[in-house]
Amino acid sequence: MKLRFIVSLLALVTVFGLATQAQELPKIDASVSYSYLRANPATSGVGGFNLNGGSASASYNFRDWLGGVADFGGYHVGSANGVNVDNHVTTYLFGPRFTYRNSRRITPFAHVLLGTARTGAGIFATSRSHTEFATAFGAGVDWNVRDRFSIRPLQFDYLLTHFPEVTNGNNQTQNNLRVSTGIVFHFK
10 MKLRFIVSLL ALVTVFGLAT QAQELPKIDA SVSYSYLRAN PATSGVGGFN LNGGSASASY
70 NFRDWLGGVA DFGGYHVGSA NGVNVDNHVT TYLFGPRFTY RNSRRITPFA HVLLGTARTG
130 AGIFATSRSH TEFATAFGAG VDWNVRDRFS IRPLQFDYLL THFPEVTNGN NQTQNNLRVS
190 TGIVFHFK
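Laid out in structure tokens, this is it:
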């Protein structure tokens, strides 16, 4: 009887130990994404234009629902509104990420990021490059394919920038949209 109890207890501890190990929270999530950026100048009469590029981010998970993220992106435009500009925008953003980990397959998240954006001369800027304050409010979803690998089918970000614009040279607020898709690696 005593041996049966000990064997049962060991089996129970082993099963719960494996289940706990399978649900272990990754400490770092690293992603690489393709990004589409729809730039919307604030100056009336100037239409929005498209930039294509990529972004990389790393998130350190403090809790199962809270992490700190660093997001770096680079986007290129060849022509804007029929004008050849061949230029770029880069972003350097940091902030908290809130994650809902209730499903083994789907992991939605939201974040608030603050940092800077840099543009070359000729996009928003007057005649030279500018580095200005930027903010991103966004959300997305990860599809967990394996324990250490996910696909990020969709991430949306409202990217707020404050570049000077060509018409008046003063800083204006640009309301931009960033849509990304990519892959995520989980490190425990």
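Take the sequence shown: its letters are residues 10 to 197, numbered as in my numbering.
For glycine and all other residues, C-beta sits at the position ideal for the given N, C-alpha and C.
No experiment lies behind these values; they were computed from the predicted model shown.
Just grab the DSSP bridge partners of residue i for me.
i: A143; result: G124, T170
What does the alpha-carbon distance come out to for the pair residue i and residue j?
i: G91; j: F58; result: 10 Å
i: R106; j: R127; result: 23 Å
i: I192; j: A130; result: 32 Å
i: F196; j: G62; result: 25 Å
i: G104; j: A79; result: 7 Å
i: F142; j: G124; result: 6 Å
i: F146; j: T100; result: 14 Å
i: R161; j: A89; result: 29 Å
i: H85; j: F172; result: 16 Å
i: H139; j: K36; result: 35 Å
i: S44; j: R110; result: 25 Å
i: H120; j: T108; result: 9 Å
i: R72; j: A51; result: 39 Å
Please tell me whether residue i and residue j are closer than 9 Å, where the distance is taken between their beta carbons.
i: L46; j: R187; result: yes
i: L122; j: V98; result: no
i: A65; j: G82; result: yes
i: G77; j: P117; result: no
i: L169; j: T182; result: yes
i: L102; j: N70; result: no
i: R113; j: N49; result: no
i: F260; j: D38; result: In this structure the chain extends from 10 to 197, so residue 260 is not present and cannot be described.
i: N185; j: Y167; result: yes
i: I115; j: D151; result: yes
For residue i, name the three-state secondary structure that DSSP assigns.
i: F81; result: strand
i: G6; result: Outside the shown range of the chain (10 to 197) lies residue 6, about which nothing can therefore be said.
i: P162; result: strand
i: Q183; result: strand
i: R155; result: strand
i: S138; result: coil
i: F194; result: strand
i: Q30; result: Because Q30 sits at a pLDDT of 43, beneath the cut-off of 50, its placement in the model cannot be relied upon, and the following sentence gives the value as read from the coordinates. Here Q30 sits in helix by DSSP.
Would you say residue i lies against chain C (beta-carbon separation less than 9 Å)?
i: F103; result: The structure shown has no chain C; it contains just one protein chain.
Ignoring anything shorter than 3 residues, give me the beta strand (DSSP E) runs that lie fully in the segment 43–117, in order along the chain. Fully enclosed beta strand (DSSP E) runs of no fewer than 3 residues occupy 58–70, 75–89, 92–108 of the segment 43–117, in order along the chain.
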